[in-house]
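Novice:
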């Protein structure tokens, strides 16, 4: 294994651990409780999930209808199963299954 | 919420959609690493030590193009800076009495998807538990590392003979994020969600996908400040 790869991995990995764990261990949320930073943090979760959804679906959006169709059926399946069962796991699996099935039928 | 299973097992089961989403992505990372002339052990080490999807693909590009070690490392560090907000946001929702004694271990697995799933569970009324976080995080991490190793050992073209399966697995993460978004959806959060989504589109199309993610999260969180 090359030392360059190991060095890059160790620096990036150590930073990832610090970003994920230190704010919890240092009680950053309590320091922010109630104030403007508290409201900022409360909005971070919904903002992050909305961002990650848009970022993950954006590359699949295309005017090419046959390529768009699996995205549409997959999205509708997630919406349908979510409103019927209120289960994140089932809605996710249904979306992926509908997407794959559409590719299989029309791809 | 009444529990019928131990929290660790509950977390492990909740990691299922993440596991199904991570495995094929990690698999394709393993394939890409071997195509870029890295060994299976090196691909495995990158997933084990870095554990951050998009930045690992970037690491391959940077390392194989001969970028200086420190430049490559700090590019990856900057790319994952958004994770700094996840812990405090999660613990704020978990409540003041939530345990964090073992956070130095379970917080390692606080990726985008694990954070989203944990936050969604809290929004649905589940009590925070470190054992749940261990289960959720372990499932996701194991899938990521195992997927990488499988991809690196299988080599290129392993999923190319199964286009429908490949496509379905590729849609797993957008489907998960949409389901998580629905699970936390409430009228007061709508402006935050709308601003975050719009800023992501503008940032992604105008600058880069990484900028789009950072801009979307920051713009949405700032919208949370001004809405009350």
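Residue numbers (our numbering), protein chains in the order written: chain A, 1 to 107; chain B, 1001 to 1228.
The C-beta atom is built at its ideal place from N, Cα and C for all residues, glycine as well.
1) How about residue 99/A: is its C-beta nearer than 8 angstroms to some C-beta of chain B?
2) Residue ranges of each alpha helix (DSSP H) run of no fewer than 4 residues wholly in the stretch 13-88 of chain A, ordered along the chain?
3) Looking only at its own chain, which residues have a Cβ that is under 6 angstroms from the Cβ of residue 70/A, when we skip the five neighbours before and after it?
4) I'd like to know whether the C-beta of residue 80/A is nearer than 8 angstroms to at least one C-beta of chain B.
5) Applying the criterion that 16 or more other CB atoms from any shown protein chain within 10 Å of the CB defines a buried residue, is residue 1077/B buried or exposed?
6) Report the neighbours of residue 76/A on chain B: residues whose CB is nearer than 9 angstroms to its CB, in chain order.
7) Hey, is residue 1204/B's beta-carbon within less than 8 angstroms of any beta-carbon in chain A?
8) Just to confirm the assignment, what range does the alpha helix (DSSP H) spanning residue 1177/B have?
9) Go through the stretch 1023-1077 of chain B residue by residue and report every complete run of the alpha helix (DSSP H) that reaches 4 residues or more, in order.
10) Chain B beta carbons: is any one of them nearer than 8 angstroms to that of residue 64/A?
11) Please list, in chain order, the residues of the stretch 1106-1118 of chain B that have any C-beta partner in chain A closer than 9 angstroms.
12) Cβ of residue 1168/B less than 8 angstroms from any chain A Cβ?
13) With H, G and I counted as helix, E and B as strand and the rest as coil, what does DSSP make of residue 1134/B?
14) With DSSP collapsed to three states, give me the class of residue 1095/B.
15) So is residue 1189/B in contact with chain A if we call contact Cβ pairs under 8 angstroms?
16) Could you tell me the alpha carbon to alpha carbon distance between residue 1136/B and residue 52/A, rounded to whole angstroms?
Specialist: Let's see:
1) yes
2) 28-32, 36-57 and 65-85
3) 99, 102 and 103
4) no
5) buried
6) Neighbours of residue 76/A on chain B: none; closest Cβ ~11 angstroms, over 9 angstroms.
7) yes
8) 1172-1184
9) 1040-1049 and 1053-1064
10) no
11) 1106, 1107, 1108, 1109, 1110, 1111, 1112, 1113, 1115, 1116 and 1117
12) yes
13) helix
14) coil
15) yes
16) 19 angstroms
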